[in-house]
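Chemist: So the numbering used here is basically just the index in the sequence shown, starting at one, shifted up by 25. Where a beta carbon is used, it is the ideal one built from N, C-alpha and C, also for glycine.
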Amino acid sequence: MVRLASLEDMIREMDAEGTRPSAGDVDRLLQHADEGQRVLGFMLRACEQFRAGREQDALRTIREARASLKFLPTILVHNIVWLAARLGREQVAAHECLAFAHDAMRMGYADLALEAASAALILDTMGAFDITRDPAKGREVAGLYETAAERLAPHVQGLRTYDAFRRRRAAGGRGAEPLRVAMVVPNLVDHVVAYTKTVLHLARYADRARYALFVYSSENHAGRDVPLFPTGCALSSSAQRGWETLRELKRRGVEPWLCPTSLHFSDAALAVVEKLVEDRIDVAVFQSGLSAPIDWLAARLSPVPVKAAVHIGSSLFVPGLDVTFFDNPANVEREKDCWPKDGGARRVLRTGTDIAELQGQKPLHRGPFGVPDDAVVIGVLSNHLDRRLSKEYMCVIGDVLRENPAAWFLAFGAGPLPEKLQFFEAAGVADRVRFGGEQLLAGSALKALDIYANEFPVGGSQSVVEAIACGLPVAALRWSDAHPECAGAEIVGAACAVPGPDTAAYTALLNRWVRDADARRAAGRALAERARTLYSVEQYVHELLAQTAEIHARKHSAR
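1. Using the beta-carbon count (16 or more within 10 Å), is arginine 88 buried or exposed?
2. Is it buried or exposed, leucine 29, if we count other Cβ atoms within 10 angstroms and call 16 or more buried?
3. Between the alpha carbons of leucine 65 and glycine 257, how many angstroms are there, rounded?
4. Among the candidates Val483, Gly438, Met419, Ser469, whose CA atom is the shortest distance from the CA of leucine 446?
5. When you compare each of Asp82, Glu515, Asp128, Val425 to leucine 374 by their alpha carbons, which one comes out closest?
6. Between which residues of its own chain and aspartate 367 is the CB-CB distance below 7 Å, once the five residues before and five after are set aside?
7. Do alanine 119 and alanine 145 have their CB atoms nearer than 8 Å?
8. In the structure shown, what three-state DSSP assignment does phenylalanine 96 receive?
9. Quick one: grab the DSSP three-state call for threonine 532.
10. Counting along the chain, where does the alpha helix (DSSP H) carrying serine 582 start and finish?
11. Which one or two residues does DSSP pair with methionine 208 in a beta bridge?
12. Cα separation between glutamine 572 and valine 517?
13. Going straight from the alpha carbon of valine 401 to that of proline 482, what length do you get?
14. Can you have a look at threonine 378 and say buried or exposed, based on whether 16 or more other CB atoms are within 10 angstroms of its CB?
15. Between histidine 127 and leucine 295, which are expected to be in contact by the criterion C-beta below 8 Å, what is the C-beta distance as a whole number of angstroms?
16. Does the beta-carbon of tyrosine 582 have 16 or more other beta-carbons within 10 angstroms, so that it is buried, or is it exposed?
17. Taking only three categories from DSSP, how would you classify glycine 163?
18. So what's arginine 540 in DSSP terms, helix, strand or just coil?
19. Going by CA-CA distance only, name the one from Val357, Gln464, Ser339 that's closest to arginine 164.
20. Taking the straight line between their C-alpha atoms, what separation do you get for alanine 196 and alanine 234?
21. Run through DSSP, which three-state label would isoleucine 337 get?
22. So, is serine 263 buried or exposed, given that buried needs 16 or more other C-beta atoms within 10 angstroms?
23. Using DSSP's beta-bridge definition, name the partner residues of alanine 522.
24. Quick check on this structure: which residue in Thr150, Ile100, Pro441 has the alpha carbon closest to the alpha carbon of glutamine 116?
25. Pull up the CB-CB distance for aspartate 136 and leucine 260, whole angstroms please, since I reckon it's below 8 Å.
26. What are the uninterrupted segments assigned as alpha helix (DSSP H) that are 4 or more residues long and contained completely in the stretch 442-490, given in chain order?
27. Around the Cβ of alanine 173, are there at least 16 other Cβ atoms within 10 angstroms (buried) or fewer (exposed)?
28. Going by C-alpha to C-alpha distance, which of Gly78, Val224, Thr99, Glu38 sits closest to valine 566?
29. With DSSP run on the structure shown, which of helix, strand or coil describes threonine 256?
30. Enumerate in chain order the residues of its own chain whose CB-to-CB distance from tyrosine 236 is below 6 Å, with the five nearest sequence positions on each side excluded.
31. If you count every other CB in all the chains shown that lies within 10 Å of the CB of glycine 549, and 16 or more means buried, which is it?
32. Give the DSSP-derived three-state secondary structure of arginine 45 in the structure shown.
33. If you count every other CB in all the chains shown that lies within 10 Å of the CB of alanine 41, and 16 or more means buried, which is it?
34. Classify arginine 579 as buried or exposed, calling it buried when 16 or more other Cβ atoms lie within 10 Å of its own Cβ.
35. Around the C-beta of leucine 433, are 16 or more other C-beta atoms found within 10 angstroms, so that it is buried, or is it exposed?
36. Nearest to glutamate 428 by CA position, among Gly385, Leu414, Ala452, is which residue?
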């Protein structure tokens with residue numbers, strides 16, 4: 026079989042060795058009886074197309090190999106992902122990785138299938154969210170994971186159960202002991218990431234007299250020590266990326282457990298299950314998406330009395346869950362026709378932010394960014410500026426800057442992005458565009474702005490909550506009913522949400538706020554009150570724990 030290499034690697038080696046095949050050689054390989062030789066033939070044909078600058082044709086050749094081979098070997102999928110990234114067609118790669126995952130599971134390679142499925146969902150977030158936005162596709166991925174769960178189930182049967190512990194609780198012998206609650210996440214990174222913030226909020230605001238807290242990272246999104254699939258989970262481990270988060274958790278009496286990255290996905294899922302049992306967890310809260318099959322399998326297989334999920338863009342569709350908490354009501358409606366009968370209850374629980382922490386952060390000075398003190402600054406804060414500063418969004422920002430000489434645009438989350446700057450240069454407004462870099466203190470960055478312009482089609486959510494908590498007027502466009510394209514609009518409410526995709530109305534709202542200081546201040550005050558009413562993190566933590574505790578109590582009383 027051809028070793029793992031990109032077309033570019035193969036061309037470089039052939040040129041160095043002087044072994045460039047003829048068209049006839051390639052044709053003979055494509056007709057060869059041996060499967061490995063045919064794979065080589067497809068690679069070599071794609072190499073010639075790539076060499077000639079026909080990258081789209083090379084991608085098409087590799088994708089069409091499935092018709093001849095009846096599946097796509099890893100080397101071909103690797104090059105589909107590689108080519109798709111070059112061409113900005115990550116969605117193509119996402120679908121091919123998911124098809125590969127189904128093939129691999131059918132052929133008995135469960136861990137390879139799970140890694141490929143995880144890669145598919147990660148690539149989907151870089152594309153058009155075709156898989157994430159379609160509940161039927163979500164159910165399809167969950168069905169793939171269920172096949173893996175069925176194969177792992179015998180390994181779980183030998184674990185000790187909670188029966189003795191339950192009997193003691195029911196008898197009242199340990200009724201005063203705090204409920205043991207674990208939150209399971211795919212990774213812990215430092216607090217710039219929304220789901221890490223939720224973990225920290227839990228540690229800060231849970232009533233420790235009532236709840237004993239545990240935090241487990243499955244490390245699903247960290248690179249494997251020995252990966253089976255050539256793309257997907259390649260981030261650094263929680264110990265490397267989240268050391269400040271780990272330090273704060275320990276300071277607050279929570280000792281995080283990190284699943285070893287030496288384990289393949291199936292064994293990692295079993296390790297999480299074993300840890301839940303070992304710690305005698307009463308309530309497990311899985312804050313994960315379908316891109317985390319380790320978490321999915323642990324949720325499916327663990328014998329924890331109460332299992333809950335926090336929706337972070339796509340439902341897990343795990344059979345046997347007690348409840349899924351949705352922070353965006355649009356997702357409840359969008360998924361209602363595909364919700365499994367045994368998928369548990371669905372409840373809306375709006376996400377929260379630490380308002381007191383944000384209020385205590387001093388605003389950044391504009392001077393170091395070259396922005397005048399008297400400018401009207403439109404801005405955004407995002408960990409994904411390279412993807413979310415879409416052409417449609419930048420067109421609106423460019424139009425507003427051209428029409429309003431006093432307006433500036435300041436984007437936090439990345440340093441200068443050459444392609445984005447080129448766009449603003451072509452629009453004639455680059456002199457009033459700045460990139461503020463990554464910021465650890467969201468409140469400080471946000472307070473340097475006068476107006477928050479949420480990105481579209483895909484926009485932020487946690488940053489929108491933080492912006493309204495800081496008293497900023499926030500414009501948010503509801504592009505569609507898919508979570509990443511409507512979450513911001515749901516957060517700000519009807520007064521500041523623009524029905525979409527109406528970019529003209531979005532532009533008009535920004536123009537109004539730039540020109541009318543009283544209007545933008547009034548909008549900011551109204552949104553700050555909305556944040557206090559609906560998005561207090563203390564209330565979020567209280568409700569999350571109280572509702573899962575109520576489910577636990579109800580289950581025990583029914584015994």
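Modeler: Well, looking at it:
1. buried
2. exposed
3. 24 Å
4. Met419
5. Glu515
6. Pro344, Gly345
7. yes
8. coil
9. helix
10. 562-582
11. Val240, Val310
12. 25 Å
13. 24 Å
14. buried
15. Not really, about 23 Å apart at Cβ, beyond 8 Å.
16. Here the sequence assigns serine to residue 582, which means tyrosine is not the residue at that position. So serine 582 ends up on the exposed side.
17. helix
18. helix
19. Ser339
20. Low local confidence applies: a pLDDT of 47 at alanine 196 is under 50, so the model's placement there is unreliable, and no value is given.
21. coil
22. buried
23. Ala501
24. Thr150
25. Not quite, the Cβ-Cβ distance comes to about 19 Å (not below 8 Å), so this is no contact.
26. 443-451, 467-471
27. buried
28. Val224
29. coil
30. Pro203, Leu204, Val206, Leu570
31. buried
32. coil
33. exposed
34. exposed
35. Here the sequence assigns tryptophan to residue 433, which means leucine is not the residue at that position. The residue is buried, with at least 16 neighbouring Cβ atoms inside 10 Å.
36. Ala452
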